[in-house]
Structure formats: C-alpha cells, structure tokens
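Heads up: the sequence lines are chains L and D, in that order.
For the first sequence, this note's numbering gives the first residue as 27, with consecutive numbering after it.
For the second sequence, this note's numbering gives the first residue as 1305, with consecutive numbering after it.
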Amino acid sequence: MPVEKRILLVDDDDTFRETLGKTLVKEGYHVTHANQSKVAKELIGLEEFDIVISDINMPGGSGIELMHHCKKVRPGLPVVLITGFSDLKETEEAYEMGARGFLPKPFKKEELFEILNLWLHSSDQIKKEEDESQDDNYCKLSIDDFISGHQIKFDIYIRLSDKKYLKIAHSGEEIAIERIKAFKAKNLQYLYMSKDDFRRYMDFNLALLPMVKNNSTISKDKKRTFLRHTSEVIFEHLHLNGVDEEGFQMAKTIVEATASLMTEPDDMMNLIQMLDKHSDHLYAHGLGVSLYSVIIARQVKWSSPANIYKVAMGGLLHDIGLKEIPPVILQKHRKDMTHEEVQMYESHAQRGLEILSQLKAVPTDILQIILQHHEDCTGLGYPRKLTKKHIHPMARLVSVADEFCMMVLKGPESLNLSPVEALERMNTLFRAKFDPVFLNALMRAFKMRVPQNNKNTVVIS
Amino acid sequence: MSKGIEERKFLHDIASPIATSIFLIDMIKDGVKDLGAIDADVPTQVKQLEDLLAKIRMLVEERREVLIKQGVPSSKAS
C-alpha cells in the first residue's frame, strides 16, 4: 500500500479529475487537484509533490508547458502526461522533453498504476538503473521482433531521450506480453541492449544461421523472419561500429545465406514486404536494394554465385558512406539543401569507397558499385558524371534497385508508390537514366510489359 | 474542417467521458462487492457494463490507429 506519496493531478475536466482522484485516494495516495496549469504552477511553488499527472490540452496553458516549468523550478519531479488523443509525434515529443510516462485516454487504472509504481515505489532502484550514457553504447532491436514469455538473456532498456536509457528488464527475467503491448501502445518502436550484449547476441544469431538455414523442419516464413532480423542486427552493428574486416565477413555470411535460401522471386518479395513493415528505414533501404538487386540479376540470368553475391553486397552497403554525413543533412529533402550540403551529401559515394577500400576482403566490383551507384546513363549523375559505357554494369544494376527502393520503401523521401507505379514512373519519366536491360528486368519481375527494342543481356567481363 | 480532423476531434472529446466511465464502473464494482448484492442481477449488470465500456474503449483505439496511419493531423481546436 503506497503511503504518503503526494500526487498533483491536473486536468480541466472536473468529472474526470475527481473520479481519477478518488481512485488514487482509494489506493492510498494523497491527491491535490488543479483544474488548470496556472493553479498547478502555484501549487508546485508552495507544496512538495512526488509526481505530477497532467492533461496535455488545457485552456490557459498546456501540460507540456507545465512540464517545462517543473523542469525549471523542480528538476527531478516526474511528470506523467495524459491526453485525449496520442499520436506518434506527441508521444515522442513528450518523452524527448522528459515526460516520465504518457497515457492516452481512455486508459485503465492498471496502466496508470504501472507507471506510478515505476516512478514512485522503485524510484531509487530506477534512478540507479537510468543510465546517462552515449547513444552509441546501446544498440536497438525492433520491438516487433521481441518475443515475450521467454527468459531474456540480456538486460533490456528503453530510450527515454538523448543519451538517457532506462533498464526495464534484467537478464534472466521474463517480459510479459502485456508490457510489450503497453510499450507498443506508446509507440515505442525499439528496445535496446548494451553494445557488449548486442555483440554477444549477434554472434549467437550468426552461430544459429547455418542451423536455421539447413533445418528442413523450419518453415520458410520463420527462416525469412530470422534472416531479416539477423540482417538488421548486423546492419545496426555496421552502422555503430563502422565496417571492418570482421563486420564485412558477417554481412557476407548473411547475404550469402539469404541468396541461397531465397531462390524464388516470391521468396524475395515476401522478405521485402516484411522489411517495409518493421524495419528502420535506413536498414530497410539497404536490405531492400540488396534483395531487389538479386532479383534483377536473376531476371537477366546472371547465374554465377560470385556475381549474385557481389550485387547483393554492393546493394547492402551502397550507402555506407552516408554514415559520415551529418544527420542534420540526411534529414533534409534534397531540394531543401544548400549547395554546400548537396556537395557534402553527394560525397557519400566517394566516402563509401574510401571506407571499404581499406578492407582486403572487398572485391573491386563491389567498390565500383559503391562509387558509381549514383552515376546515370545520361552522364548527369555523380560523383564523376560517367556515361553509360563507363559505368560498371553492376553499378547500373544496383542504381535501378536503389531508385526503385527510394520510391516504394518507407523513408523520409519515399513517394510511397506501389511497385508498379514506381516502375511506370521510372520507365516513362526517367528511362534514359537507367540501363534499360535492368529496368526491364525489374518490370518483368512485377509482370509488367516491357519495351521490346532492347537487348536483354548484359555481359559481365 | 476535413472529415479526418473532425473524427480526430470527436475521438479526443469522447476520450475523457469514456475514461471517467471506466473509473466509475470500477468504483461501483468495488461498492457492489463490499455491500453484497441487493438484487442478484446487479453484479451481472455491472459486469456487462464493464465489458461494454471495454468494447467502446477498444473501438476508439482502433479508430485512432486508423487515423494515425492515415496521417490525419491534430485539430487545433482540441
């Protein structure tokens, strides 16, 4: 039974506030009421509280404004926000600004008590576990991939704000499905683990890969899920640690396993659909380009495993140079960039080449894909404005997959087009930019009619 | 105001009354339990009411998710 915990309850809806207040009093809390933000501010100046629960939308001052006030005058006083309609933006903003919880009305009392328990009754423990650290000390996992009901092998965190992570489960515990659902309801997309644990987790998945691959009792659906998940884990590792020899070998392992398991176009398409639903868009784009590159290569009857591997790896790593571009530039649409920012952005192809050329294991063909994936056949691409005959065939292939993924997969510049709409657009508006052999191949993969006057083979020397 | 924004505002406005009803029915349930049922049907009716509110809450949540997926912006009026 909670004793002497003092709650300031702020809401302009008197009936709701009084009813909620009675529920809290019944649970043993001491509740002070405020029907507007201004009154709440005065009370905070006069009395001590352990937590503030406030509505967001109130006439005369919002709950978010009240939270800012608390941060100034009573830093450390937790604020839980409630609102009539949460959406992703509000929730993210509230957490970014330091809200300790977010409850979309109508919520159940159990949901409220879970937050209060978290912040009032285990606060000392939590404060110890709330780790102020560098963001790159943590690696993320899609919450959709998180299986509840199993003992977890590692400590699990949620990200509260920049450099602030809260441990929500210890190694050896089980996380109930209700908790996972509650996090999802708050629009949390990722759970986090420490970099060291993540490394162990990645090694474990890679060790599991041959077993999953060769086990005929595991369904294709499960194999696809495992491949997608492991690919994303490796991508997260490459993103945080850069590409070294070891990281490259890991990427090679997963790419080769994917290419050998997903032999039919439909297998690939199903895997790509999974990407669009669950993945971080940067990872989804890399994996999507890799998979569509393989689809195109198979359509044009490239049969050598070495060539399939090269376009798959080139597709996966084609944008690796973006890692060195400031995020503030990457978040902008190209049309909103200054001239200098465009130059900086376009340098990612050269930067990617420089990163990968330091590794002995990277074949020259892959380096050419990385450097030339933004060249176009009209000679207006970058970085070197090469014309078609000077662009490496594999780079011409990957550039078709790259443009296509930009249009269909989610992302800041995505047009959210269907595959057929995207290919129609590429074919009618930008056909000259692309090698028609590869564009036609991708159109054929989607059962579209293609112009007949082009040769359908590209010979790789 | 577009239809989507109107619906969003409606969902915002209905949220507090539903939340209040849920908390009230919790209290009534506890009261009935404490006092013992005067009428044998009352606990069943309270349970039915509770289930109905849970259903209304779920329907509201489903519509919200649809609106969020459609990217309907929030109404300043809310």
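By construction, the Cβ of each residue, glycine as well, lies at the ideal position given by its N, Cα and C atoms.
At the 7 Å Cβ level, is residue i part of the contact set with chain L, yes or no?
i, result
"glycine 1306(D)", "Note that residue 1306(D) corresponds to serine in the displayed sequence, not to glycine. For serine 1306(D), the answer is no, since every Cβ of chain L falls outside 7 Å of its Cβ."
"isoleucine 1326(D)", "yes"
"arginine 1361(D)", "yes"
"isoleucine 1329(D)", "no"
"isoleucine 1322(D)", "yes"
"serine 1382(D)", "With a pLDDT of 32 at serine 1382(D), under the threshold of 50, the modelled position of this residue cannot be trusted, and the question is left open."
Below 6 Å CB to CB, which residues in the same chain sit around residue i once its five sequence neighbours on both sides are set aside?
i, result
"threonine 284(L)", "Leu253"
"glutamine 398(L)", "Ile417, His418, Ala421"
"isoleucine 152(L)", "Because isoleucine 152(L) carries a pLDDT of 47, less than 50, the predicted location of this residue cannot be relied on, and no value is offered for it."
"glutamate 366(L)", "none"
"asparagine 61(L)", "Asp38"
"glutamine 376(L)", "Pro409"
"aspartate 428(L)", "Val315, His399"
"leucine 167(L)", "Leu217"
"leucine 443(L)", "Met433, Val434"
"leucine 142(L)", "none"
"glycine 89(L)", "Ser80, Asp81, Ile82, Leu107"
Would residue i pass as an interface residue toward chain D - the criterion being a Cβ-Cβ separation below 7 Å?
i, result
"threonine 49(L)", "yes"
"lysine 179(L)", "no"
"proline 101(L)", "no"
"glycine 110(L)", "yes"
"leucine 46(L)", "yes"
Suppose the cutoff is 8 Å on Cβ atoms and the five residues either side in sequence are ignored; what does the same chain contact list for residue i look like?
i, result
"serine 1379(D)", "At serine 1379(D), the pLDDT of 46 sits below 50, so the modelled position is not reliable and the matter cannot be decided from this model."
"methionine 469(L)", "Leu449, Asn453, Arg475, Val476"
"glutamate 91(L)", "Ser63"
"isoleucine 70(L)", "Leu34, Val78, His95, Cys96, Val99, Arg100, Leu103"
"glycine 312(L)", "Phe261, Gly341, Leu342, Leu343, His344, Asp345"
"histidine 263(L)", "Cys165, Phe224, Arg225, Met228, Gly273, Met276"
Between residue i and residue j, which are expected to be in contact by the criterion C-beta below 8 Å, what is the C-beta distance as a whole number of angstroms?
i, j, result
"leucine 435(L)", "histidine 307(L)", "7 Å"
"valine 426(L)", "isoleucine 346(L)", "Not really, about 19 Å apart at Cβ, beyond 8 Å."
"aspartate 38(L)", "aspartate 81(L)", "7 Å"
"isoleucine 1326(D)", "proline 132(L)", "6 Å"
"methionine 219(L)", "isoleucine 182(L)", "6 Å"
"lysine 221(L)", "tyrosine 164(L)", "7 Å"
"alanine 458(L)", "threonine 404(L)", "5 Å"
"leucine 423(L)", "alanine 323(L)", "6 Å"
"valine 51(L)", "valine 57(L)", "6 Å"
"isoleucine 194(L)", "leucine 214(L)", "About 10 Å separates the two Cβ atoms, so there is no contact after all."
"valine 463(L)", "valine 326(L)", "6 Å"
"isoleucine 1372(D)", "isoleucine 1322(D)", "Contact flag wrong, Cβ pair sits at about 18 Å."
Among the residues of its own chain, which have a CB less than 7 Å from the CB of residue i, if the five just before and after it don't count?
i, result
"threonine 492(L)", "Within the shown structure, residues of chain L are numbered from 27 to 487, placing residue 492(L) beyond reach of any answer."
"valine 1336(D)", "Val1346, Pro1347, Val1350"
"isoleucine 260(L)", "Met228, Met276, Ala277, Ile280"
"methionine 288(L)", "Met294, Leu297"
"leucine 379(L)", "Leu393, Ile396, Leu397"
"leucine 138(L)", "Leu129"
"glycine 437(L)", "His307, His311"
"proline 28(L)", "Below a pLDDT of 50, predicted positions are generally treated as unreliable, and proline 28(L), at 44, falls in that range; the measurement from the model is reported next regardless. Excluding sequence neighbours, proline 28(L) sits near Glu53, Gly54, Tyr55, Leu146, His147."
For chain B, is any of its Cβ atoms less than 7 Å away from the one on residue i?
i, result
"isoleucine 1309(D)", "In the displayed structure, chain B is absent; the protein chains listed are L and D."
inquiry  = If the cut-off is 7 Å on Cβ atoms, which residues from the segment 30-43 of chain L count as contacting chain D, listed in chain order?
reply    = For chain D, the residues of the segment 30-43 of chain L that bring a beta carbon within less than 7 Å of one of its beta carbons are Asp39, Thr41, Phe42, in chain order.
query = Using 8 Å as the threshold, is the segment 239-253 of chain L in touch with the segment 204-213 of chain L, meaning 3 or more CB pairs across them?
reply = With a cut-off of 8 Å on Cβ pairs, the segment 239-253 of chain L is not in contact with the segment 204-213 of chain L, counting fewer than three such pairs.
Residues in the segment 125-148 of chain L having any Cβ partner in chain D nearer than 8 Å = Answer set for the segment 125-148 of chain L: Pro130, Lys131, Pro132, Phe133, Lys134, Lys135.
query = Does the count of Cβ pairs from the segment 380-395 of chain L and the segment 352-360 of chain L closer than 8 Å reach three?
reply = Touching, no, given that fewer than three Cβ pairs across the two stretches are closer than 8 Å.
The segment 284-298 of chain L / the segment 329-339 of chain L touching (three or more Cβ pairs under 8 Å) = Note that the segment 284-298 of chain L touches the segment 329-339 of chain L; at least 3 beta-carbon pairs, one per stretch, sit closer than 8 Å.
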